[in-house]
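Here's the structure we're looking at; comments come further down.
Numbering (UniProt numbering), first residue to last: 1 to 143.
Below, the structure written as structure tokens:
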């Protein structure tokens, strides 16, 4: 728990490297259907994008820690939990897709749940800049 609240940069940097390494072995692609448009991205490029984003977030956490920024432990915990907990839930739910055509309703509901969790993870990233700005303001008020 201390690692999540006091040193979140380590978690993001480690998962950045892990995601980048796993991206080399990623075959296939991912398609996102929004109305009548399909957006297709290869798993390698998606893993590289996620790795870069995790690296940037980890680097910003590290810089704020080095300049003695006062980040909220609670906001750190919420940000890390939403990010990695949501991604973990999406990966688990993705394994429940049924291949049979007869199970269309089940897959439709499962897709909706995955989209909902994805939206929560994406909107949960708003906590990160709020925490950084709050930490910078608190540091200025102390000096």
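All C-beta atoms in this analysis are idealised placements derived from N, C-alpha and C, irrespective of residue type, glycine included.
Reduced DSSP secondary structure (H/G/I, E/B, other) of residue i
i, result
"residue 17", "helix"
"residue 69", "coil"
"residue 97", "coil"
"residue 109", "helix"
"residue 25", "coil"
"residue 52", "helix"
"residue 7", "coil"
"residue 63", "helix"
"residue 126", "coil"
Counted within 10 angstroms of its Cβ, other Cβ atoms place residue i as buried (16 or more) or exposed
i, result
"residue 27", "exposed"
"residue 115", "exposed"
"residue 11", "buried"
"residue 56", "exposed"
"residue 45", "exposed"
"residue 131", "buried"
"residue 91", "exposed"
"residue 54", "buried"
"residue 29", "exposed"
"residue 88", "exposed"
"residue 97", "exposed"
Where the alpha helix (DSSP H) through residue i begins and ends
i, result
"residue 40", "Looking at the DSSP string, residue 40 is not in any alpha helix (DSSP H); the run it does join, the beta strand (DSSP E), is 37-42."
"residue 33", "Unbroken run through residue 33 is the beta strand (DSSP E), 29-34; no alpha helix (DSSP H)."
"residue 74", "73-80"
"residue 94", "86-94"
Spell out a yes or no on whether the stretch 116-128 and the stretch 68-88 are touching, meaning 3 or more CB-CB pairs, one atom from each, closer than 8 Å.
yes
With three or more C-beta pairs closer than 8 Å as the rule, is the stretch 32-44 touching the stretch 77-96?
no
Would you be able to state if there are at least three C-beta pairs under 8 Å between the stretch 107-123 and the stretch 45-60?
no
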